[in-house]
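Position one of the sequence shown corresponds to residue 487 (the numbering used here), numbered consecutively onward.
Think of the CB as a built atom: it goes at the ideal place given N, C-alpha and C, for glycine as much as any other residue.
All values reported here derive from a predicted model rather than from experimental measurement.
This report concerns only the one structure given below.
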Amino acid sequence: MKTQQICLTTSVTAAAALSRLRFVGLTGAVCAAGAKALGIAETAADLGEQAPVNTHGILLVEAGAAIAAGAEVESDANGKAITKAAGISNGFALDAAAAAGDVIRIVRGI
């Protein structure tokens, strides 16, 4: 079982339905593809609900594709982590993801 070491969590009002362990954008909606993320949703939240968002530490995130350990990651259009291409880095993968849907640890903001 993978664990996380959260250094900082904040709360946002969900501007859209948020899924657990996916990137959240600065507006409180699902992070756009390649965009800067505020952090990762700790729990699922419906529109208008308060959502805890982990911003710094060793954090769990859902992968959107295979990712190599050590790779920089960015958000895809669904808020899942993918290997950084042309977008903004939202951390480094500590674990490899074999496929979409895997949960991996990333290092973010430390």
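Closest Cα partner of residue i within the set the options
i	options	result
Gly511	Asp588, Asn576, Ala557 and Met487	Asn576
Thr499	Ile596, Ala585 and Leu533	Leu533
Glu535	Ile568, Leu524 and Ser505	Ser505
Rounded separation between residue i and residue j - CA only
i	j	result
Ala452	Lys570	Residue 452 cannot be examined here, being either before or after the span of the chain that is shown, 487 to 596.
Ser603	Thr541	Missing from the structure shown is residue 603; the chain here goes from 487 to 596 and no further.
Glu558	Ala579	6 Å
Gly514	Ala502	7 Å
Gly565	Gln491	20 Å
Ala583	Ala523	20 Å
Thr495	Val539	5 Å
Gly556	Lys488	16 Å
Contacts around residue i, its chain only, beta-carbon distance under 7 Å, and the 5 residues preceding and following it disregarded
i	result
Ala519	Ser561, Asp562, Ala563 and Gly573
Ile596	Cys493, His542 and Gly543
Integer-rounded CB distance, given that residue j should sit under 8 Å from residue i
i	j	result
Ala606	Asp588	Residue 606 lies beyond the stretch modelled for the chain, which goes from 487 to 596, so this question has no answer here.
Ala604	Ala586	Outside the displayed span of the chain (487 to 596) sits residue 604, for which this structure offers no information.
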